[in-house]
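J.: In the numbering used here, the protein residues as written are 21 to 133. Supplied in structure tokens, the structure appears directly below.
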Ligand code: AMP
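This is the structure in structure tokens:
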């Protein structure tokens, strides 16, 4: 997607603070962190969000979840972490490229909304 900011980050056209990547997934630090560790894990192939998961290969979806676990390991989140994927307007999704927020490094709120 030529006008997608996360596709441009994947392509290296926009700078990012990369944490980890493999052939299917890129993980980079969120510009506006909400926790001591706040990393975004994105598939290198573009889909808008989880509602379009059927358009992504199972291997890419699995790689995203493994990528979240890898980020948690690399960031030393031994006390736990949270993974969030906002999907659509009710969830306040602001970037229309599937991404998983990996949050940790402090005691997170019990609230989920
Ligand atoms: P969401 O609101 O779930 O769509 O999350 C999008 C996230 O992308 C927000 O937390 C933003 O801070 C983050 N973000 C937007 N642009 C960039 C960027 N260029 N580099 C890193 N994070 C970004």
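We put the CB at the ideal spot given by N, CA and C, even for glycine. Predicted, not measured: the structure shown is a model, and the values here were computed from it.
1. What residues in its chain sit with their C-beta under 7 Å from that of residue 65, if we drop five residues either side in the sequence?
2. The alpha helix (DSSP H) that contains residue 55, what's its start and end?
3. Applying the 10 Å Cβ sphere with the 16-neighbour rule, what's the burial state of residue 109?
4. Counting only the same chain and skipping the five closest in sequence on each side, list residues whose C-beta sits under 7 Å from that of residue 84.
5. Measuring CA to CA, which of 86, 112 and 131 is closest to residue 42?
6. Going by DSSP, what residues sit across from residue 124 in a beta bridge?
7. Take residue 72 as the anchor and find which of 106, 54, 95 and 40 has the nearest alpha-carbon.
T.: Looking at the atomic coordinates:
1. 76 and 80
2. No alpha helix (DSSP H) contains residue 55, which DSSP labels as neither H nor E.
3. exposed
4. 45, 61, 63 and 120
5. 86
6. 57 and 101
7. 106
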